[in-house]
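In the numbering used here, the protein residues as written are 2 to 196.
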């Protein structure tokens, strides 16, 4: 699994989504939370997804085809302060259309920076996803920035602030590759495949 990975297309509306009806897994999170790094770690490629030094660079949905079986979909980051009001409205329209008018969406991975913890924007996004009963797993990123003895404390902080169950959270590090196999197993289980 995750042997063949390629960037397929970008989209700003549903007419540009891939037409082959494969399952999709959306990566959602604030700017600079590590979505591109996670895609690269999952695909075991250094530069499948472009990692920008400038937060808020991604403005479209990017579709990555994995093993001709499913898509990882990288959404624009939210919460970037320098975005204009019209850009924030465009983001809202883009995400709402994708979440509510796309039958191929299987699960949302909502990424939260472990060290920063859930921001106000993260809480709003999680509440939105919960309200509409969109199947969501929280991915805590950049755990390598936290000392190993303190990681459980940060994990509990995320669980408490978002009001989630322990099994709704996966702690990850694209650097140390921790949690990557858990995400792959979760996707394989969702697709009823052997990981």
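Even for Gly, the Cβ is constructed at its ideal location relative to N, Cα and C.
Residues near residue i by beta carbon distance below 7 Å, same chain, minus five either side
i, result
"residue 181", "42, 43, 173"
"residue 31", "78, 79, 80, 120, 122, 123"
Whole-angstrom distance between residue j and residue i, CA atom to CA atom
i, j, result
"residue 101", "residue 94", "11 Å"
"residue 144", "residue 158", "13 Å"
"residue 1", "residue 38", "Given a span of 2 to 196 for the chain in the structure shown, any question on residue 1 remains unanswerable."
"residue 115", "residue 17", "33 Å"
"residue 128", "residue 111", "11 Å"
"residue 9", "residue 77", "16 Å"
"residue 153", "residue 20", "42 Å"
"residue 68", "residue 160", "33 Å"
"residue 194", "residue 184", "13 Å"
For residue i, three-class secondary structure by DSSP
i, result
"residue 87", "helix"
"residue 93", "helix"
"residue 82", "Note that residue 82 scores 47 on pLDDT, short of 50, meaning its location in the model is unreliable; the coordinates nonetheless yield the value given after this. It is coil, neither helix nor strand."
"residue 65", "strand"
"residue 163", "helix"
"residue 155", "helix"
"residue 43", "helix"
"residue 99", "helix"
Where the beta strand (DSSP E) through residue i begins and ends
i, result
"residue 27", "25 to 30"
"residue 140", "137 to 142"
Span of the alpha helix (DSSP H), counted from its first residue to its last, around residue i
i, result
"residue 2", "That residue, residue 2, is in no alpha helix (DSSP H); it is neither H nor E in DSSP."
"residue 70", "Residue 70 -> no alpha helix (DSSP H), and no H or E assigned at all."
"residue 124", "121 to 132"
"residue 183", "181 to 191"
Neighbourhood of residue i by C-beta, 8 Å cutoff - its chain only, sequence neighbours within 5 removed
i, result
"residue 71", "23, 24, 25, 26, 107, 188, 192"
"residue 4", "68"
Contact set for residue i: own chain, Cβ-Cβ below 6 Å, skip 5 residues either direction
i, result
"residue 63", "11, 75"
"residue 7", "66"
Proximity winner among the options, relative to residue i (alpha-carbon distances)
i, options, result
"residue 34", "185, 171, 117, 184", "117"
"residue 125", "163, 65, 186", "163"
"residue 140", "134, 104, 98, 167", "167"
"residue 176", "147, 156, 190, 61", "147"
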